[in-house]
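Chains as they are written, first to last, in the working numbering: chain S, 1 to 387; chain E, 1001 to 1387.
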């Protein structure tokens, strides 16, 4: 096992009827708060009203910054930073899914510096402090509610970049699974794919030869994400299914699976980010296209690892490792299809002749993420397996 | 899933050569520190010197309070509180296993109040604040390094009581698996039993009917504790085996397994605490005696749960649930015997005629822990299954 630091200051408040706690949990950090949210679905579901009432009860003045879109964009983050500075807010509260939380993180980091926030993403500047951040999560997917990662798209340069810093970890995150009853089958499925990808990125990129503790943890989460997603699809208002699904998505990327694995990477995200940056496809839909192709490519290098997953998660019988690996990947792909996720570029209306352009787009982030082995040629080869 | 709060402020620094960080991690909380340790094994292994040098380098004045014994006693805690108050220490640093850390927690809580510390254990007073606590862990077992629990024995009244409070969570814990190379097979085995018991207490006492996420997590840890313990027994200086074992023991009782299970209890610990309180047996040895008996007693009430463990951990084939349960318990007991742990009262030199006295002793803690269903009669019946 490799040395690691596990530091998780986020207080998770999980369960039914927990949203009214957001006010008293946030006011600890300040009375003037930037309230970040999305395209307004929280107004339809009544969550907006609950949050505003809780803020009022706690004596918080909420400065609103709604309108975050999926694949959140830099221009909107910059606006948020401007508003935060003008109003001298003391904290940021995010109410929404991963896009909203990631935007709020970028604002929390950008509001305390003079330079442009994009410099953080280009790793030209490092984050030294941030405004305190609290969250109400309304979508099980990204894990952003309990980690220090954030992803933002620079829509001018078509760059979807992600970075991480422990200071970006929310201080409080409220997770009420019943807020996700209204999430449709498409975004439920994308969330499942996203959470699975977070586990599998680490599972397949660790270079440690023997990681039995993390393996069982990851395999258990993979099984549970698929099983709970199936239950949600069958009955969208099944509280326990939504709860299992939500908690799995959080655990999938809160540092626990990675602890001890040494350096791990996000090569599938690397490629997906270019799909989202250029075509603005939903993140989970991009991932369900990239994952089977990347896994097929990678299985040749390390079939034993893929065979283990196939055996423990998909109950593939012992056989030649390469065969087991291929069966496992086929099972995963079949499951993606079962939950109506795209599994090839064509399903996203992305023509094959765009492959070189996509591969070219990956190179900026490959540098930021120190994934230089993902050359244009290698990415092209992987993308051809996604057709 | 039941509502829960998961709040884990402990910064875990895990790996080789991490002990020299204790000074700079502790000085953040103060320059005058009570340094709590055990019977002196850290002097033989050189850990004491490393810690003292690190304190010195950080400008810390360390007031020493060594001599903590296994099954730590109240009188020694009270002495520590006196020293802490006299010297106005600003923080407490514990270097040792669970007994040392638990003593340090009790001192950290007792040093900031005027009343006697035992009142916390009798739940006559509640903990409102504590001195900051940092740790270096040298024994994989209790999980105290990442939780808010502490257990102390009042040797005058023969009461071994345990309580929990989130304020008791260490702020930093340093875990270097190589510090455990010198832990002999007896205490390695006791540690394994202790860690297993922490998982199984929750696994079998949750009243939630369906907890698939927590189940996979707990089953994975049970498998890994047994496997890594076997590897340690085969080669005591196998770093990865020690590391897997140590991290499992931490994860076994850091709140993660319990999150969402609702109210869980420690009935096996309840009975074991009386064995330790009266006969001062090692905690793990007491548990390996109590566990098979308690499980046999309990399996009648909920055979499905025991059958699931048998199937997923011991690969017992599908059959009648009661039979599967019995096979699973037999497998666990056989493993305890394989690692040379006692599995009946006789092996601890405790005569059967003492059973009523032991059962009587459990009643005080049963009240504190709200386990009133564990009447004298019920405990006697369980203990008769431990002969």
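Cβ atoms here follow ideal geometry from the backbone N, Cα and C, with glycine treated the same way.
Indicate whether at least one CB of chain E lies closer than 9 Å to the CB of residue 1 (chain S).
yes
Strictly under 9 Å for the Cβ-Cβ distance: is residue 1247 (chain E) near chain S by that measure?
yes
Three CB pairs or more closer than 8 Å across the stretch 1158-1170 of chain E and the stretch 1192-1203 of chain E
no
Endpoints, alpha helix (DSSP H) assigned at residue 1278 (chain E):
1267-1279
What is the rounded straight-line gap between the Cα of residue 1325 (chain E) and the Cα of residue 1308 (chain E)?
8 Å
Coarse secondary structure for residue 311 (chain S), derived from DSSP in three states
helix
Under the rule that 16 or more other beta-carbon atoms within 10 Å means buried, what is residue 1242 (chain E), buried or exposed?
buried
Residues of the stretch 1-31 of chain S with Cβ closer than 9 Å to any Cβ of chain E, in chain order
1, 2, 3, 4, 5, 6, 7, 8, 9, 10, 11, 12, 13, 14, 15, 16, 17, 18
Do you know how far the Cα of residue 1248 (chain E) is from the Cα of residue 1230 (chain E)?
14 Å
Can you name the residues of chain E whose CB is closer than 7 Å to the CB of residue 217 (chain S)?
1217, 1220
Minimum Cβ-Cβ distance from residue 213 (chain S) to chain E less than 9 Å
yes
Based on the DSSP secondary-structure assignment, which residues constitute the bridge partners of residue 1203 (chain E)?
Answer is none; residue 1203 (chain E) lacks a bridge partner.
Identify which residue in E:1079, E:1058, E:1061, E:1060 has its Cα closest to the Cα of residue 1068 (chain E).
E:1079
Please state the DSSP three-state secondary structure of residue 130 (chain S).
coil
Distance between residue 1006 (chain E) and residue 1259 (chain E) (C-alpha atoms, nearest Å)
7 Å
Looking only at its own chain, which residues have a Cβ that is under 7 Å from the Cβ of residue 381 (chain S), when we skip the five neighbours before and after it?
297
Pull up the CB-CB distance for residue 63 (chain S) and residue 136 (chain S), whole angstroms please, since I reckon it's below 8 Å.
No, residue 63 (chain S) and residue 136 (chain S) are not in contact; Cβ-Cβ is about 17 Å, not under 8 Å.
At a Cβ threshold of 9 Å, is residue 288 (chain S) touching chain E?
no
Coarse secondary structure for residue 374 (chain S), derived from DSSP in three states:
coil
Which one of S:303, S:366, S:375, S:353 has the shortest CA to CA distance from residue 384 (chain S)?
S:353
With a threshold of 8 Å, are at least 3 pairs of Cβ atoms found where one atom belongs to the stretch 1029-1048 of chain E and the other to the stretch 1096-1103 of chain E?
yes
Give me the chain S residues within the contact set of residue 1223 (chain E), using Cβ-Cβ distance strictly less than 9 Å, ordered along the chain.
212, 216
Just list the alpha helix (DSSP H) runs in the stretch 1002-1085 of chain E, keeping only unbroken ones of 4 residues or longer that don't cross its boundaries, in chain order.
1022-1027, 1041-1045, 1047-1057
Closer than 8 Å between beta carbons: that is the criterion. Which residues of the stretch 1243-1275 of chain E meet it against chain S?
1243, 1244, 1247, 1248, 1251, 1256, 1259, 1260
Using 9 Å as the limit for Cβ to Cβ distance, is residue 302 (chain S) near chain E?
no
Tell whether a beta-carbon distance below 9 Å holds between residue 303 (chain S) and residue 331 (chain S).
no
Tell me whether the beta-carbon of residue 1147 (chain E) lies closer than 9 Å to the beta-carbon of residue 1254 (chain E).
yes
Excluding the 5 residues preceding and the 5 following residue 1129 (chain E) in the sequence, name in chain order all residues of the same chain whose CB lies nearer than 6 Å to its CB.
1112
Where residue 213 (chain S) falls, given that 16 or more other Cβ within 10 Å makes a residue buried
buried
Closer than 9 Å at the beta carbon, the chain S residues around residue 1227 (chain E):
212
Where are the alpha helix (DSSP H) runs, 4 residues long or more, that stay fully inside the stretch 92-159 of chain S, in chain order?
98-110, 118-121
Tell me the DSSP secondary structure of residue 1306 (chain E) in three-state form.
helix
Return the bridge partner residues of residue 245 (chain S) from the DSSP annotation.
Answer is none; residue 245 (chain S) lacks a bridge partner.
Is residue 240 (chain S) close to chain E, meaning its C-beta is less than 9 Å from at least one C-beta of that chain?
yes
Uninterrupted alpha helix (DSSP H) stretches inside the stretch 327-364 of chain S (no shorter than 4 residues)
none
Short check: CB of residue 1295 (chain E) to CB of residue 1350 (chain E), under 9 Å?
no
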